[in-house]
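Structure, as structure tokens:
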Amino acid sequence: MEIVRPEVNTPQEADAVEGAYINSLIADSTSAIPDPDRWIDEAVHRNVFLTTTDTILAWGRQRSIFPMLFATACCGMEVISMSVSRFDLSRFGMDVVRFSPRQADVMIIAGTITWKMALATRMIYDQMAEPKWVVAMGACAISGGTFRESYSVTPGVNRIMPVDVYIPGCPPKPEAVIFGINRLHAKIIKGTMDDPMLSKP
Amino acid sequence: MLDQFGYVGILLLIATGVTVLIPILPMLFKALGLIPGKKTAAKLVQYESGMQTIGKTWVQFNFRYYYFAVLFVLLDMLTIFLYPWAVNIKDLGVGGLVAVGIFLVILAVGYIYAWRKGALQWK
Amino acid sequence: MTLLDQFQKTLLASGLPDWAAYLVPALMGVILIVAVSLTLVIIFIWWERRLLGRFQLRLGPNRCGPEGILQPVATGLKLLLKEDIVPAKADKILHFLAPIVVFVPVLMIFAVVPVSDGAILANLNVGIIYVVAISSISTIGIFMAAWGSSNKFALISGMRTVAQMVSYELPVVLSLVGVVLVAGSFSMLSIVQSQSIPFILVMPLGCVIFFLGCLAEMNRSPFDLLEADSEIVAGYHTEYSGMKFAMFFMGEYGVALAYSTVITTLFLGGWSGPLLPPVIWFLIKVVLVFSFTVWMRATLPRLRVDQLMAFAWKGLLPMAVINLIIIAIEVLVVPASMLWVMVILNFAFAAALVLLWSRLFTLGGGRVEV
Amino acid sequence: MFSVGLDHYLILSAVLFCIGLVGVITQRNVIKLIMCLEIMLNAVNITLIAFSMYITPAALTGQLFAIFVMVVAAAEVAVGIAIVFSIYRSRESVDMENFNLLKW
Amino acid sequence: MKFERYGMGIAKGMALTLKHLFRPPLTVQYPNEKLVRSKRIRGNELVWFPDRCTGCGTCTKACLQGNIILVTHHGEENKFIVDKFELDSGRCIFCGLCVESCPYDALAMGLEYECAKYRRGDTILDKEKLKLSDKHQPSAYFRPQFYAQLPEQSLLIYDRKEGGQKLTLFPLSKRKRGPGA
Amino acid sequence: MPIKTEPFYLNLGPQHPSTHGVFRLRVQLDGEVIVDVEPIIGYLHRGIEKLAETRTYTQVIPLTDRLDYVASMTNNLAYCLAVEKLAGIKVPERAEYLRIIFSELMRLANHFLAIGAFLNDCGALATPLIYMWREREKIVDLCEMTCGQRLLFNYMRVGGMSQDVPVEFMPALKKFVAEMPKFIGEYEQLIKQNEIFLARTKGVGILPREMAIDIGASGPVLRASGVNWDIRKKDPYSIYDRFDFEVPTGDVGDCYDRFWVRMREMRQSVRILEQAIGQIPAKGTVWADVPQFFRPPAGEAYGHIEAPKGNLGFYVVGDGSIAPYRVHIFPPSLMNVTALRDMAIGWKVADLIIIFGSIDVVLGEIDR
Amino acid sequence: MPDLVFYLLAAIALVASIAVIMVRDIFRAALCLIVLFMSVAGFFLLLHADFLAIVQILIYVGAISILIIVAVMLTRDARQGYPLDNYKYVAGAVGILLLAAIAYGILNTSFVNFGGAPPEQTIQPIGQALFGSGYVLPVEIAAVLLLSAILGAIAVLRDK
Ligand code: SF4
Ligand code: SF4
Ligand code: SF4
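Protein chains in written order, with my numbering: chain F, 1 to 201; chain P, 1001 to 1123; chain E, 2001 to 2370; chain C, 3001 to 3104; chain W, 4001 to 4181; chain S, 5001 to 5368; chain H, 6001 to 6160.
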């Protein structure tokens, strides 16, 4: 469900194309994308040869995640709370906040994703370099939250992209988000050990 | 003298070797299967805040500082004359200072002219 | 006579052929420089993140290894394993070459930095201008990246590099002339040796101008317009990922480190200092200079591009020229043994000049005045 | 001492000069034309310094000349590009064909 | 503006940052140290007391998004027996309206906020997960009866000396490998 | 005469570090100079007004929290005022004071973020934001103590507050208020005289007085343009007439004035807090027992307050049922952001960012 | 060893200079020009002119090429140079003839070496020569040339 858009030359064309693609995105996202979680419950089976490499790879990946702050709404405030001095995300090596998707590793979706925004969200997700992870933070990102009934809101970002960690709350407390990120660390370790290709839809 | 520059040349070679290796290494890893990911059309679109770029990307960029660029090129010539003088200042003495002074004054005229004419200003 | 030359002599004396006696010390020196500077860059990245954290009442990375010192290693490892994306519309050759062109000059600067007496790779006769000339190549690299990645944010950033380069190169070059005037040589070694009093005291204004110029050339706050992330996302490396991005990242800190060492050498008396071994003194001074830039980064907002240029052209350039003339006259008048006279005189002149210039010069916020 | 001698440098610079000349004649894009002029001036500089090195090694006269050539080159580029800018304003082109202001 | 003060303002600002350099950091090293949250915390779960719940359904009505699914059947003595009491914590906004409205104090906000899940399905809290347990403690939000037994909140307003920023400390030696490490 | 070039389009946003949410500015640039700006909103349109029609009067309160989520309690207040007007409910004395206390705390919290983010846009690498966030954390702590949440409080109810503040609240608040002027002084020291900051903001993005009135701007944006307009003074709601405070105004209407008006407003808020702490009755009910499913009479009412960002109005139409027939929200940010285009044309990209930052918008409120 | 470096640099210089006129994309052409400048600096080094080599980088790579790049940015269709389109054959002929003439001249002249060793340091002698002995007037004339270039450039660029 990848979005490829034709070249546009004027703002009018761009708007028309955007509208058309939002509609097709809505039509495409009627069901949730399965969570990439095959290996979570299994014990890590350590391949004798790959163990060391994998450990090192996983260590590197896990210890320095560059977050891409995708703060769209209220949850974004808690993302700031989490990254400033009281809860200091940089302890985990996450202080290098990159705003370019090329350099980011994890997309923390903090806030409501409306259908209009979903297009940009999906596009940015597509533009991120592998390996990449998605954290859905807050009720809105998980399920649409209190706006789920609304005509304009995506019922959960797992309709448009696979989500690795769900952090419930509205907004989740900063600790909750850090806990979620720790869960992501654990997932990265397991995932890397099990399946370095981490292939995703 | 050449032998000292030879060191620099060797440094250049080795530094280039190392740095060329750095971007090539990931290609190797990719071939080994350590780096995931495949090229998709959307991934290769240039990033512009999650929106489609409107129009060409290699646009004609109005660099309004061309005055500065022109002035810079001309004033950069100072280096050629000032450095040889600066090393020899003791030997050249007052005569050299006067010569350089005149040199600077002549260029300062140009600089002040540029300032007066508003070339050092944002229009 | 540098250590390398001595080593070469001994090798020659022990009967090695010419080329081997030349090549062996050279290779050793080069590899040492590359390795040490890369390691130092990594340590400095960590140091900046920790220090910045402490300025901001946080801790900074502290989980990887003792006190987080392995953090940059982890970052490097991760970036190594990151997919490398070249946008479809990019100029692929330039996109590939740009990080290399940025990074190589950074390493090249270290060739002329003396770490202690004689411990220098190449004792060039033109040491000082070599630094300026080499670092101007990096600008081309940055511009290549900006142009090659076919991204409008990058393009804006690329033009900003040009603007910075165009305005700050002259003050830097001119303030260096002052150093040459007093030291009477271009060679970094003899400059350090001639600093019986650190040149920061002898020519405070020159030092400040050079420092500001360096800040602009190493794209650090308040002149970090190239990666003004609140304006143009990530600037010229918006489209770079993986190892190429790491090279820009390292290159940035590498330049910062390189200029810190250059400032240390030129103005802070290089390796000289009492009690401690020279290398330690050198490192201490470098860390201090670097920490100062971090401190500025933690405090200052960023200038706008036209203000940046106005500051350089209307403020620093004339002051640098006047400063230069004053120093030239002093060098001719004051005997070399009485450097302290120059200290006093120059502080007075610097204060007067700054006072005077601040009346003339407006760092305008308005639309018309630059 | 060197097997590479003066002749090598002279030939090289002659070749560079001729490449520049061919460029100057053939290019329609004014900016490229200026670049070709730069190639020619550089070729001249090589000649000067080679002469200086091989004929009067101690006197450095050639190097002094080269310095002045550089000054001239800088002035030429600056004024040349200024003229390009200024004509570009009115003609919106950098094509030589449009630069026929002085054609009779 | 004239550059009149020759950078005095910059110097002042830099002095302030330097002063902050020597202040103790505020950081709570979260997985190892934990702040004590408010007594009335609305954590990211609810605690349900099955023995008190009559299945009256007030909470489902009070929920602004119909998040609580309650299925009951008639038991003896005209009582309702709750078959299914389920809510989706991935959708709940923890507004507390259901807790406020429960007439029998059978529902309370929970203390727990470390609820990140790998799967969307795991965020749904069913009867078993909602029950009181040593992990699921009720908070004092609208339930003043729990107020006394909860620890004092740690406030940033007070210095550490004055008892602010109180932390639940997990000694570093006991640090487990795994998510928190 | 500059060289003629074709302007090009640049998308700033929806995902851009400086857009404070999901705001999109389609900028037409000539070099770095802005030829035209087209703000495109709607990336956070969540249909709050429509959803409010399907929920009861009490259940709308959590929704209003999510409008201006930086200072969410002020939204509750405006909504509750409107509904209380509609239903004719009298709020108990202590609750009125609590409302004042919390709305002033919210004003502080909002301005901390506004100024911090504004300085971030100026390129100050988060340090001011981080220092100010420390103070904001203290406010958040106070709110969390009261109602258990850190951001979206859902604390006010029609007819008062949902519950009384705990006993620890007052001492902590007193300490906070006592320390506050010192910290505000620190921020002034940090940035107010910084030459770079002055050069960036003085004279940039001037909003003339007349235009500010014409576009219907309000809050600090309006006051910075020299208009002394504050609903707390002009139409005192709640019990604001009992307090003694000043309304700071600017004179030019540039970014610096907007910053400086906010700075001084914080001091005034602290003043109000001091007075409120002194006057608040120690005991008393905080809620005029309004049932959760109550039915106000049919009719309509408009309640407006001076929210931190400006004039926030709620227009509630009731049809006698448990749910409002229509809720219309008049957000200050939307009015203020309309001035952006006029302020930004002719400036550079960097200026556009700080002009936008100085307006201080919240997208939840604009898009609703 | 220096011979090897010479041939290497010569190859680079030739390729780069041919690329300058053949490459369609003006920006790439400018980059090739920079490569040429750097290789010329290399020649200067081989010819014991260390100061000039560094100045070559500083002036040509650092300043002149930047100016050229700025000019490239300002023009529309920077991707479209016009390689070799007018007088292709005439130019080729002229070039080859001239080259032949020069080569003939060079190979048939025997240059006299006036002897003496190249100085170990070039900056000091250059300084002495420029400001100490007889070259002061040319230096001032150079300054006047630069001044007139400044005035001319500003006058040309100024608003009409
Ligand atoms: S989950 Fe809650 S806090 Fe987060 S964006 Fe949605 S409404 Fe806002
Ligand atoms: S309101 Fe209370 S008693 Fe009634 S169903 Fe809900 S939890 Fe049970
Ligand atoms: S807390 Fe609010 S959203 Fe959650 S179940 Fe209760 S009423 Fe519904």
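Every residue, glycine too, gets a C-beta built ideally from N, C-alpha and C.
Note down the Cα distance separating residue i from residue j, rounded to an integer number of angstroms.
i       : j       : result
E4112/W : N5075/S : 28 Å
G5250/S : I5101/S : 26 Å
K5234/S : E5084/S : 20 Å
M197/F  : R98/F   : Interpretation of M197/F is limited by its pLDDT of 41, a score under 50 that renders its predicted location unreliable; no figure is taken from the coordinates.
R5134/S : R5066/S : 23 Å
V2034/E : V3022/C : 43 Å
Could you have a look at residue i and say whether DSSP puts it in helix, strand or coil?
i       : result
K4131/W : strand
L3060/C : coil
S199/F  : Note that S199/F has pLDDT 37, beneath the 50 cutoff, so the model's placement of it is unreliable and no number is given.
V48/F   : Note that V48/F has pLDDT 48, beneath the 50 cutoff, so the model's placement of it is unreliable and no number is given.
D5030/S : strand
S2116/E : strand
K2009/E : helix
G4070/W : Inspection of the sequence shows that residue 4070/W is occupied by Leu rather than by Gly. Correct three-state label for L4070/W: strand.
E130/F  : coil
I4093/W : coil
Where do the N-terminal and C-terminal ends of the alpha helix (DSSP H) with residue i fall, by residue?
i       : result
I4081/W : That residue, I4081/W, is in no alpha helix (DSSP H); its beta strand (DSSP E) goes F4080 to D4088.
W5260/S : C5255 to Q5279
N2323/E : L2317 to V2333
Q2071/E : Q2071 to L2080
Q5163/S : Taken as a continuous stretch (DSSP letters only), Q5163/S belongs to no alpha helix (DSSP H), as it is neither H nor E.
E18/F   : P11 to D28
L5105/S : E5093 to D5121
Just confirm the distance between the C-beta atoms of residue i and residue j, as a whole number of angstroms; I'd bet it's less than 8 Å.
i       : j       : result
G5021/S : G138/F  : Contact doesn't hold; Cβ gap of about 14 Å is too wide.
G2178/E : M2203/E : 5 Å
V5247/S : R5209/S : No, V5247/S and R5209/S are not in contact; Cβ-Cβ is about 15 Å, not under 8 Å.
I189/F  : A58/F   : 4 Å
When you compare the CB of residue i with every CB in chain F, is at least one pair closer than 8 Å?
i       : result
K5050/S : yes
K1043/P : yes
F1057/P : Before going on, a small fix: residue 1057/P reads as Thr here, not Phe. Not one chain F Cβ lies under 8 Å of T1057/P.
Could you tell me whether the Cβ of residue i comes closer than 8 Å to any Cβ of chain W?
i       : result
V48/F   : Low per-residue confidence applies at V48/F: pLDDT is 48, beneath 50, and the placement is therefore not dependable, though the value from the model is reported in the following sentence. Chain W contact via Cβ: absent.
R1945/E : Residue 1945/E lies beyond the range of chain E shown here (2001 to 2370); nothing can be said about it.
R2049/E : no
A2216/E : no
Does any residue of chain E bring its CB to less than 8 Å from the CB of residue i?
i       : result
A20/F   : no
V1109/P : no
F70/F   : no
Taking only beta-carbon positions, decide if residue i is within less than 8 Å of chain P.
i       : result
M2342/E : no
H5016/S : yes
Check for me: the beta strand (DSSP E) holding residue i runs from which residue to which?
i       : result
V5316/S : G5310 to G5318
N1088/P : Taken as a continuous stretch (DSSP letters only), N1088/P belongs to no beta strand (DSSP E), as it is neither H nor E.
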